[in-house]
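Quick notes on the structure that follows.
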DNA sequence: GTGAAAGCGCTAACAG
DNA sequence: CTGTTAGCGCTTTCAC
């Protein structure tokens, strides 16, 4: 009966209609105490009838709280839109934001120019209550700039510069070590690796895990068995071709991502070799596609959505309880044994 | 030398330091005329030195403009995080937002409860200058609610209810028709289809294109050759198994997405049939993976990033020049002929 | 060309 | 329990 949605209603209007003051309406709106039940209901009634919606900007300005979180993807994270891992991460983040009633703003830094345009928006007061930023490459200073900003920040992935920043990560070293150990326990001894980009901590850590496992056997690291990849299918394919040049001395590969393992297996198939008989594979991610391939991937499952969810929880903790001390959250992984490592085959046959 | 980043500086502080009034600083900040060049530079100098950043909430409140766009994914769009098409779309949207200096807020409606939580946030005054919403399924009323809100809205995909809402889409009917015509021109005549969900316009339209192509030949539509899919790999696999029950009468399939074609080809391989010799395929999307398969996909390329970019442009147009008349943007597609349709093979052999 | 003053719509002391 | 009163930090007339 009264004017409807978004007709520019204000608290004042609602107050007048309900015959109370602005403060009372504000109290009702924010579920605060000290309002008679009868009045509270009268006010709600008016709010409902008028379709009144509080103005977000005014609320933010007055309360110094925007209920908005920023998700920043640095320029150096080029795989954000191609690596299937990220959608899962984003999903978890979005879900947590919904649950905790935050809005999620998305800052994709595509170019150097973008960075200069975006940074002011991100660091602006009154815009964001906190920031989630994906760890990128060495030399990408965006994260450091963000941290200096004094807005609560949680880094997704281990940051390069050991600062007092909060971050959330998985234990890439242990997980990779375990993956390679599995290969060893399957009887493989000439194990190569296709690493992630070595200018990222995730690439570095997974390589470190590989080396750790070999060293634990007392084996010496053969640099020729290490090829740097880029987390893409094509990168895995190319890297495998490198590795195959020394075939005969290679019976297994640890790939730092499922996508690279898929590319690598394509290269293996092309030269007429068999997976897992000739070359066994263990990789990382456990993408949905892992079980749909001809040879189902033995791979390290890392939390995707849960990871994002937890990152948001951590950030909200910083917002509500202060940024010090820095939080360090390490989430667990799990080795999923399937076909590509040859373990199941063996136990079936043997 | 003066205090730095985010120390709670205000326009007032800057004005004082520069020896001018707030109005002048505001003019400088917003590149407005009527400021002496000398003064302008003095003010910029202070801004730079102090690291002052204007408060976004205050600015939004005073100017009634948030420079923020919302991207809403309705509950019924469950494939958002699994279909590789969406990342490309999002990328284009994010890029356009950067270029036009808008911030992108992301609303993922996961559950019915989410919808009730999110709707007020989205429709709230002072929060969003405009909304991009992905078209969902029939019966999903979110879009209609959003349109009623009077905030400028652009629907991504053709909406179900023919309202005066603005939308952007590709010509799914023509594109699908062309795809099936190609199959016909390759000499196939027993053509089945794995459709998208038939409660979505995109599913409906691609099926309509399939039927149009057959009808144009004077052929009668065989309902037994139509199986509904869900745009996923597994859905394609299952649908193909249905179709294969009538094999011998089937020499080609039009799949409404690449992912479904991949699943379908898996099913074909499992029963020992050959692609494209026994069954030819044409699909839709042209995902990056299309060229990495054993049989490279013949598929309809639809704009991904460009689509998102254009959606943002359209929305900004609505914001700046009014929502009437409604804009209808239809983007082009292109049939990419590769291996799965058998055309190349044939021309090589013949 | 510049400044004063009045809001934008809300929250949050502080009285009562 | 409720209302009054200040702001939050900026934009935007309107004088000068």
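Chains as they are written, first to last, in my numbering: chain L, 29 to 378; chain B, 29 to 378.
Ideal placement from N, C-alpha and C gives every residue a C-beta, glycine not left out.
Per-residue burial, residue i [other beta carbons within 10 Å of its own, 16 or more giving buried]
i: residue 370(B); result: buried
i: residue 340(B); result: buried
i: residue 347(B); result: buried
i: residue 139(L); result: exposed
i: residue 143(L); result: buried
i: residue 169(L); result: exposed
i: residue 228(B); result: buried
i: residue 49(B); result: exposed
i: residue 149(B); result: buried
i: residue 299(L); result: exposed
i: residue 313(B); result: buried
i: residue 90(B); result: exposed
i: residue 200(B); result: buried
i: residue 29(B); result: Model confidence at residue 29(B) stands at a pLDDT of 31, short of 50, so the residue's coordinates are unreliable; what they give is reported in the following sentence. Result: exposed.
i: residue 249(L); result: exposed
i: residue 213(B); result: exposed
i: residue 129(L); result: exposed
Contact with chain B by residue i, beta-carbon distance below 7 Å
i: residue 113(L); result: no
i: residue 263(L); result: no
i: residue 189(L); result: no
i: residue 155(L); result: yes
i: residue 283(L); result: no
i: residue 332(L); result: no
i: residue 318(L); result: no
i: residue 267(L); result: no
i: residue 162(L); result: no
i: residue 351(L); result: no
i: residue 272(L); result: no
i: residue 227(L); result: no
i: residue 149(L); result: yes
Residue-level contact to chain L via CB, residue i, 7 Å cutoff
i: residue 58(B); result: no
i: residue 259(B); result: no
i: residue 133(B); result: yes
i: residue 335(B); result: no
i: residue 252(B); result: no
i: residue 142(B); result: yes
i: residue 126(B); result: yes
i: residue 443(B); result: Limits of chain B in this structure are 29 at one end and 378 at the other, which puts residue 443(B) out of reach.
i: residue 289(B); result: no
i: residue 84(B); result: yes
Given residue i as reference, the closest of the options once Cα atoms are compared
i: residue 203(L); options: 172(L), 219(L) and 239(L); result: 239(L)
i: residue 72(B); options: 62(B), 54(B), 83(B) and 269(B); result: 54(B)
i: residue 107(B); options: 361(B), 242(B), 136(B) and 96(B); result: 136(B)
i: residue 157(B); options: 365(B), 359(B), 345(B) and 364(B); result: 345(B)
i: residue 331(B); options: 37(B), 118(B) and 99(B); result: 118(B)
i: residue 64(L); options: 74(L), 58(L), 75(L) and 52(L); result: 52(L)
i: residue 284(L); options: 274(L), 262(L), 310(L) and 273(L); result: 310(L)
i: residue 280(B); options: 334(B), 287(B) and 271(B); result: 271(B)
i: residue 380(B); options: 353(B), 307(B) and 171(B); result: Residue 380(B) lies beyond the residue range present for chain B, which begins at 29 and ends at 378; the question has no answer from this structure.
i: residue 334(B); options: 154(B), 343(B), 359(B) and 274(B); result: 359(B)
i: residue 255(B); options: 115(B), 60(B) and 220(B); result: 220(B)
i: residue 178(L); options: 365(L), 190(L), 151(L) and 195(L); result: 151(L)
i: residue 274(L); options: 141(L), 290(L), 287(L) and 252(L); result: 252(L)
i: residue 95(L); options: 318(L), 246(L) and 127(L); result: 127(L)
Residue i versus residue j - alpha carbon distance
i: residue 131(B); j: residue 84(B); result: 11 Å
i: residue 32(B); j: residue 80(B); result: Low local confidence applies: a pLDDT of 35 at residue 32(B) is under 50, so the model's placement there is unreliable, and no value is given.
i: residue 258(L); j: residue 267(L); result: 9 Å
i: residue 146(L); j: residue 192(B); result: 34 Å
i: residue 67(B); j: residue 74(B); result: 11 Å
i: residue 197(B); j: residue 184(B); result: 6 Å
i: residue 159(B); j: residue 180(B); result: 6 Å
i: residue 77(B); j: residue 163(L); result: 29 Å
i: residue 58(B); j: residue 120(B); result: 27 Å
i: residue 86(B); j: residue 154(L); result: 8 Å
i: residue 233(B); j: residue 224(B); result: 9 Å
i: residue 260(L); j: residue 112(L); result: 10 Å
For residue j and residue i, believed in contact at Cβ under 8 Å, the rounded distance
i: residue 323(L); j: residue 303(L); result: 5 Å
i: residue 207(L); j: residue 328(L); result: 5 Å
i: residue 222(B); j: residue 292(B); result: 6 Å
i: residue 165(B); j: residue 104(B); result: 4 Å
i: residue 115(B); j: residue 109(L); result: 4 Å
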